[in-house]
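Read through the structure below, which is laid out as structure tokens, and then see the notes.
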Amino acid sequence: MRFFCITHKSRRSQARLGKITTSHGEILTPAFVPVATKGTLKAIPPKDIREIGIQVAFVNIFHLVDHPGIDVIEKFGGIHTYANLSIPLMSDSGGFQVFSLAEKRASTREGEGIPLVKVTEKGVRFRSPRTGRELLFSPELSIRYQEKIGADIIMAFDECIYYGASHQYTTEATERTHRWLLRCIQTKGSSSTLPPQARDRSGLQQFLYGIVQGGVFKDLRIASAKFVAQQNTPGIAIGGVSVGETKKEMREQVKWVTPFLPEEKPKHLLGIGRIEDILDFVPLGIDTFDCVEPTRLARNGVVFQNKGKQFYRIDLTKAKYLKDKNPIQKDCQCYTCEIFSLSFLHHLFKERELLGYYLATYHNLYFLEQIFKKLRIQIQKGEI
RNA sequence: GCGUGGAUGGCAGAGCGGUCAAUUGCACUUGGCUGUAAACCAAGCGCCUUCGGGCUACGGGGGUUCGAAUCCCUCUCCACGCA
């Protein structure tokens, strides 16, 4: 079984069509990877996932270690069975939480202002924002955890560098991430008979992605891309993007890197994105994107809409929708748009009715899946 | 009819002589959300403003005081109790 194969290459750009094959099914790329951090695609029951067209989802080891605990998930036979998610799953290593929780402090009963994160060569000490208890993450532990929950695609443990970091700090952090990658590969290899980075565990193959860092600095980004490429992991992810930099900077960071990544490997862009970002990055050869945007925005009352090629985000809580009989998107065939008016959705959100979160999330996920479907067709037709 | 307790910004509800244009919550408006501490967060929310400030306000009227949402008198209305 080949993990990734390219089925079509664009002549106009670096865009390509591909297929990722995992123990839990195939993923046609380019693909969107909605985020189900805690093992749930917030507001959406698993039975709707296929109907929406979702091919793969993203869980996060950090949150699952905190609760319910890796041992619990393991006893249930892994995250797929535990959470009833039958599609391929990617798991994140916890590296993003270095960025997400840094500078923030836990306010506990005892004392206030305990830093939530401490990075050392060994790994990262986190303080659970939920309980205040300390969690240790290292490359070895992160990989072990990810193995135990049994995600199909797993991420190397990295440090997501904060925006504004100096060249010196970014160099140190990126090099540390590289050393961590070697430890991740070694851990993965030591627990496996073959192949080295895709362990076979009770029939399950897991594929490790190395992560490119380098912050906002071109030299560091390129060096990181080269280093990660050399390690020959089954896939490669680009991280440390969209952490506060401008749109222009973000585009550059990805553009600097892609020429140095092996064509035959699947490329994942961590944490992106917005529809306009996806449209820009697919022609650069990015195959998969994970992002909380469609689900989080939906829960905050914001849904996707388009007029031709123009994409919009509309806020359902605005009073102007009170009497609007139209659906969110007239030609959208999702459950929400086929049945519900903007007025009713507005009402649900103003009243904080649970159904609103479901319907909005359903629409946003469906809408994005449609965009990816169209993208795949356009690549096939040579339009991208 | 008598007694007691009340009447505060759209609503609820603090304040009980100056630091009160008035705590707080809700509602409302606006902005934000990109590997999820996110069904969340932030700002605004009497009128005017050259952003220094000015004006009108705590049921109505009158009074005490340098000064009242806060004390006194009275009227109106509400709640509860007794006839």
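Residue numbers 1434 to 1817, in this note's numbering, belong to the letters of the first sequence in order. Even glycine gets a Cβ: it sits at the ideal position worked out from N, Cα and C.
In the DSSP assignment, find the unbroken beta strand (DSSP E) run with residue 1640 in it and report its ends. Looking up residue 1640 in the first sequence gives position 207. Element bounds for residue 1640: 1640 to 1645.
Runs of 4 residues minimum, wholly inside the stretch 1709 to 1793: which ones carry the alpha helix (DSSP H) assignment? 1726 to 1732, 1768 to 1772, 1775 to 1783
Distance, Cα to Cα, residue 1457 vs residue 1585? As a first step, residue 1457 is located in the first sequence; it is residue number 24 there, counting from the start. As a first step, residue 1585 is located in the first sequence; it is residue number 152 there, counting from the start. Straight-line Cα distance between these residues: approximately 7 Å.
Local conformation of residue 1500 per DSSP, three classes: On the first sequence, residue 1500 is found 67 positions in, with the first residue counted as 1. Here residue 1500 sits in coil by DSSP.
Return the chain-ordered list of same chain residues with a C-beta closer than 8 Å to the C-beta of residue 1434, the five sequence neighbours on each side being excluded. Counting from one through the first sequence, the residue named residue 1434 turns up at place 1. 1454, 1638.
Measuring straight from C-alpha to C-alpha, what distance separates residue 1627 and residue 1742? As a first step, residue 1627 is located in the first sequence; it is residue number 194 there, counting from the start. As a first step, residue 1742 is located in the first sequence; it is residue number 309 there, counting from the start. At residue 1627 the pLDDT is 40, less than 50, meaning the model places this residue with poor confidence and gives no usable figure here.
Hey, out of 1699, 1596, 1787, 1608, whose CA is closest to residue 1649's CA? The residue labelled residue 1649 in the question sits at position 216 within the first sequence. Of 1699, 1596, 1787, 1608, the residue nearest in Cα terms is 1596.
Let's test the definition: count the other Cβ atoms within 10 Å of the Cβ of residue 1762 and tell me whether it reaches 16, buried, or not, exposed. Working through the first sequence from its first residue, we reach residue 1762 at position 329. Buried is the call here.
So, at 6 Å on beta carbons, what are the nonlocal neighbours of residue 1719 in its own chain, with the 5 sequence-adjacent residues on each side left out? Looking up residue 1719 in the first sequence gives position 286. Only 1700, 1702 meet the Cβ criterion.
On the criterion of 16 or more Cβ atoms from any shown chain inside 10 Å, does residue 1553 qualify as buried, or is it exposed? Numbered from its first residue, the first sequence carries residue 1553 at position 120. Classification for residue 1553: exposed.
Just checking, does the stretch 1441 to 1451 make contact with the stretch 1485 to 1494 on the three C-beta pairs under 8 Å criterion? no
So, for residue 1677: in the same chain, excluding its five sequence neighbours on each side, which residues have a beta-carbon less than 8 Å away from its beta-carbon? On the first sequence, residue 1677 is found 244 positions in, with the first residue counted as 1. Within the same chain, residue 1677 has close Cβ partners 1595, 1596, 1597.
Could you check what DSSP says for residue 1509 in three-state terms: helix, strand or coil? Counting from 1 along the first sequence, the entry for residue 1509 is found at position 76. Three-state result, residue 1509: coil.
To test your reading of the DSSP string, which unbroken beta strand (DSSP E) runs of 3 or more residues are found completely within the stretch 1439 to 1467? 1449 to 1455, 1458 to 1462, 1464 to 1467
With residue 1722 and residue 1711 assumed to form a contact (beta carbons below 8 Å), what rounded beta-carbon distance in angstroms separates them? Taking the first sequence and counting its residues from 1, the one referred to as residue 1722 is at position 289. Taking the first sequence and counting its residues from 1, the one referred to as residue 1711 is at position 278. Correct: roughly 6 Å between the Cβ atoms.
Rounded to whole angstroms, what's the CA-CA distance from residue 1811 to residue 1463? Just pull it up for me. Walking along the first sequence from the start, residue 1811 turns up at place 378. Walking along the first sequence from the start, residue 1463 turns up at place 30. For residue 1811 and residue 1463, the distance between alpha carbons rounds to 11 Å.
Exposed or buried, what is residue 1694 when buried is set at 16 or more other beta-carbons lying within 10 Å of its beta-carbon? On the first sequence, position 261 is the one that residue 1694 refers to. It is buried - the Cβ of residue 1694 has at least 16 other Cβ atoms within 10 Å.
Ordered list of alpha helix (DSSP H) runs contained in the stretch 1643 to 1676, each at least 4 residues: 1651 to 1663
Collapsed DSSP secondary structure at residue 1700 in the structure displayed: Here residue 1700 refers to the residue found at position 267 when the first sequence is read from its first residue. Of the three classes helix, strand and coil, the one that applies to residue 1700 here is strand, per DSSP.
So, is residue 1618 buried or exposed, given that buried needs 16 or more other C-beta atoms within 10 angstroms? Translated into positions along the first sequence, residue 1618 becomes position 185. Classification for residue 1618: buried.
Classify residue 1606 as helix, strand or coil using the three-state DSSP reduction. Here residue 1606 corresponds to residue number 173 of the first sequence, with the count starting at 1. Three-state result, residue 1606: helix.
Measuring only the C-alpha atoms, how far is residue 1574 from residue 1760? As a working mapping, residue 1574 is identified with position 141 in the first sequence. As a working mapping, residue 1760 is identified with position 327 in the first sequence. Cα-Cα distance, rounded: 47 Å.
If residue 1437 and residue 1451 are in contact, beta carbons under 8 Å, what's the gap, nearest whole angstrom? Here residue 1437 refers to the residue found at position 4 of the first sequence. Here residue 1451 refers to the residue found at position 18 of the first sequence. About 6 Å separates the two Cβ atoms, so the contact holds.
What is the residue span of the alpha helix (DSSP H) that residue 1532 lies within? By one-based count along the first sequence, residue 1532 stands at place 99. That run of the alpha helix (DSSP H) goes 1529 to 1534.
Endpoints, beta strand (DSSP E) assigned at residue 1707: The residue labelled residue 1707 in the question sits at position 274 within the first sequence. Segment: none, residue 1707 is in no beta strand (DSSP E) and carries neither H nor E.
Coarse secondary structure for residue 1561, derived from DSSP in three states: Along the first sequence, one-based indexing puts residue 1561 at 128. In this structure, residue 1561 counts as coil in the three-state DSSP scheme.
Hey, residue 1490 and residue 1520 are a contact pair by Cβ (cut 8 Å); roughly how many whole angstroms apart? Along the first sequence, one-based indexing puts residue 1490 at 57. Along the first sequence, one-based indexing puts residue 1520 at 87. About 6 Å separates the two Cβ atoms, so the contact holds.
State whether the stretch 1685 to 1694 contacts the stretch 1597 to 1607, with contact taken as three or more CB pairs (one from each stretch) at a distance under 8 Å. no
Enumerate in chain order the residues of its own chain whose CB-to-CB distance from residue 1698 is below 6 Å, with the five nearest sequence positions on each side excluded. Your numbering for residue 1698 matches position 265 in the first sequence. Around residue 1698: 1668, 1669.
Rounding to the nearest angstrom, what Cα-Cα distance links residue 1673 and residue 1504 in this structure? Against the first sequence, residue 1673 aligns to sequence position 240. Against the first sequence, residue 1504 aligns to sequence position 71. If I take the Cα positions, the gap works out to 30 Å.
Return helix, strand or coil for residue 1475, following the three-state DSSP convention. Sequence index remark: in the first sequence, residue 1475 carries index 42 (1-based). Coil, per DSSP.
Check for me: the beta strand (DSSP E) holding residue 1552 runs from which residue to which? The residue you call residue 1552 lines up with position 119 of the first sequence. 1550 to 1552 is the extent of the beta strand (DSSP E) around residue 1552.
What's the call for residue 1525, buried or exposed, on a 16-neighbour Cβ count within 10 Å? One-based indexing of the first sequence puts residue 1525 at position 92. With 16 or more Cβ atoms within 10 Å of its Cβ, residue 1525 is classed as buried.
Check whether the Cβ of residue 1694 lies closer than 6 Å to any heavy atom of the ligand MN, and answer yes or no. Ligands in the displayed structure: none, and consequently the ligand MN is not present.
How many whole angstroms separate the CB atoms of residue 1534 and residue 1492, which I take to be in contact at a CB cut-off of 8 Å? Your numbering for residue 1534 matches position 101 in the first sequence. Your numbering for residue 1492 matches position 59 in the first sequence. Contact flag wrong, Cβ pair sits at about 18 Å.
C-alpha distance - residue 1816 paired with residue 1805, whole-angstrom precision: In the first sequence, the residue the question calls residue 1816 occupies position 383. In the first sequence, the residue the question calls residue 1805 occupies position 372. Going from the Cα of residue 1816 to the Cα of residue 1805 covers about 14 Å.
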